Amino acid sequence: MADFYFDIDQSGVATITWDCPDKFMNLMSWEGFNELDTFMNQAISDPTVKGIVLASGKDTFTGGMDLKVLGAMKQNSSTDLDVFNGVMTIHRILRNIELAGGDPKNGKAGKPVAIALNGTSVGIGYEIAISTHRIICADNPKANIGLPEILVGIFPGGGGTTRLARRLGILAAAPFILKGKTPKPKDALDAGLVDEVVPPEQLISRAKEWVLNATPEDIIKPWDKKGFKIPGGSPYDRQGFLSFAGASALISGETQCLYPAAQAAISTIYEGMMLPFDQAIRNEAKWFAK
């Protein structure tokens with residue numbers, strides 16, 4: 036049975052709905068990734084589709100990646116290269132969402148993609164969200180948003196580390212990448228993790244409204260635009276160095292340098308900040324595979 040479903044309404048908005056059968060919460064699997072990628076490509080290639088909305092058919096969005104999938108990937112991979120290639124498959128799928136048929140190097144925007152988070156969206160769910168062009172969240176006090184991977188001994192390796200550090204800056208992103216904080220929707224909005232918080236009954240209609248009115252400026256990500264500068268500076272300029280040093284000291288002091296995942300995340304951020312985006316996500320995959 037399928038995990039994702041596809042629909043196009045009369046206004047030309049394609050909705051890709053995540054609704055894993057026989058589960059109370061959506062959990063991502065390899066089959067799910069393939070379905071999501073197939074539907075994204077279908078929407079991108081269909082000239083009648085004006086925009087794309089990702090949504091959930093359950094009361095919440097997702098609890099993240101099925102840990103059995105992660106365990107199997109590590110167990111069944113004979114080398115770090117095998118793990119790297121698996122992670123890069125995820126990066127390709129999420130980069131396809133981000134570009135949505137566009138070519139930012141030539142200033143061409145793709146189709147607008149919004150995500151409608153009706154409830155908790157953590158781990159790969161937030162990594163999918165941050166690859167879209169607009170993160171719209173329901174005002175649901177039971178929901179949590181973010182990247183808690185560090186709490187289970189890994190770091191966000193599906194693009195979350197690279198994208199969030201570029202979205203917020205090093206110091207602002209540190210509590211979410213390095214400490215696994217998952218705030219409620221309004222706090223997530225204040226922190227910059229999401230773009231809007233709306234009443235639950237308006238969630239889907241607002242997401243559709245946004246994609247129908249999005250401009251090319253809305254669609255091309257900041258890190259794909261010429262002249263992009265990381266908020267708060269990069270590690271190689273004075274302000275960015277101070278931010279990075281502060282974030283590094285924060286986590287090193289709390290973990291006593293005994294948590295390899297935290298150290299790998301710090302290395303991913305530091306090295307990635309000095310690379311173009313596509314090279315940075317390869318670097319993230321490299322560190323995740325170690």
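Numbering (the numbering used here), first residue to last: 36 to 325.
Here a beta-carbon is modelled for each residue, glycine too, at the ideal position from N, C-alpha and C.
Fair warning: this is a prediction, and the values are worked out from it, not measured in the lab.
Backbone secondary structure at residue i - three-state DSSP
i      : result
Thr114 : coil
Ala135 : coil
Ile316 : helix
Met59  : Per the sequence shown, residue 59 should be read as Phe rather than Met. Reduced to three states, the DSSP call for Phe59 is coil.
Asp225 : helix
Ala178 : coil
Ala173 : strand
Ser302 : helix
Lys143 : strand
Ser166 : helix
Ala324 : helix
Between the CA atoms of residue j and residue i - distance to the nearest angstrom
i      : j      : result
Arg169 : Val148 : 7 Å
Leu71  : Ile159 : 13 Å
Lys161 : Asp42  : The identity of residue 161 in the sequence shown is Tyr, whereas the question assumes Lys. Whole-angstrom Cα-Cα distance: 22 Å.
Ile87  : Leu247 : 9 Å
Ile205 : Thr303 : 11 Å
Thr114 : Met123 : 14 Å
Gly254 : Leu102 : Here the sequence assigns Ile to residue 254, which means Gly is not the residue at that position. Rounded to whole angstroms, Ile254 to Leu102 spans 32 Å at the Cα level.
Arg130 : Gly47  : 23 Å
Gln298 : Gly121 : 22 Å
Phe59  : Ile165 : 24 Å
Thr95  : Cys55  : 12 Å
Asp57  : Gly142 : 43 Å
Thr83  : Arg202 : 31 Å
Gly193 : Ile125 : 6 Å
Asp259 : Leu213 : 25 Å
Asp138 : Lys261 : 13 Å
Boundaries of the alpha helix (DSSP H) in which residue i is found, first to last residue
i      : result
Trp245 : 238-248
Thr95  : No alpha helix (DSSP H) contains Thr95, which DSSP labels as neither H nor E.
Thr197 : 195-203
Close Cβ partners of residue i (< 6 Å) along its chain, the five nearest in sequence each way excluded
i      : result
Ala178 : Gly154, Thr155, Pro220
Thr52  : Tyr40, Ala90, Gly92
Ala315 : Thr197, Gly307
Thr97  : Asn61, Ser156, Gly160
Val104 : Ser64
Thr250 : none
Pro183 : Val157, Gly215, Thr217
Ala49  : Ile43, Ala78, Val84, Ile87
Start-to-end residues for the beta strand (DSSP E) that takes in residue i
i      : result
Ser80  : It is not in any beta strand (DSSP E) - Ser80 instead sits in the alpha helix (DSSP H) that spans 65-80.
Glu22  : Missing from the structure shown is residue 22; the chain here goes from 36 to 325 and no further.
Ser91  : 86-91
Asp253 : Taken as a continuous stretch (DSSP letters only), Asp253 belongs to no beta strand (DSSP E), being part of the alpha helix (DSSP H) at 251-254.
Tyr40  : 39-43
Ala49  : 48-53
Leu152 : 148-152
CA nearest to the CA of residue i, picked from the options
i      : options                        : result
Ile128 : Glu319, Thr197, Asn76          : Asn76
Pro257 : Phe119, Pro311, Leu213, Gln237 : Pro311
Gly215 : Ile180, Gly227, Arg201, Asp44  : Ile180
Ala208 : Lys243, Ile239, Pro266         : Pro266
Gln45  : Lys243, Leu203, Ala151         : Lys243
Ile132 : Ile185, Thr73, Leu186, Thr250  : Thr73
Leu186 : Gly194, Pro210, Leu199, Thr167 : Pro210
Phe68  : Ser80, Asp81, Gly99            : Gly99
Own chain, CB closer than 7 Å to residue i, minus 5 neighbours either side, in chain order
i      : result
Val232 : Cys172, Asp174, Pro220, Lys221, Leu224
Lys140 : none
Ile189 : Ala296
Residues near residue i by beta carbon distance below 8 Å, same chain, minus five either side
i      : result
Gln291 : Reliability fails at Gln291, whose pLDDT of 49 lies under 50, so the model's placement of it is uncertain and the value that follows must be treated cautiously. Here the set comprises nothing.
Pro235 : Asn153, Ala173, Asp174, Asn175
Any chain C beta carbon closer than 8 Å to residue i
i      : result
Ile180 : Note that chain C does not occur in the displayed structure, where there is just one protein chain.
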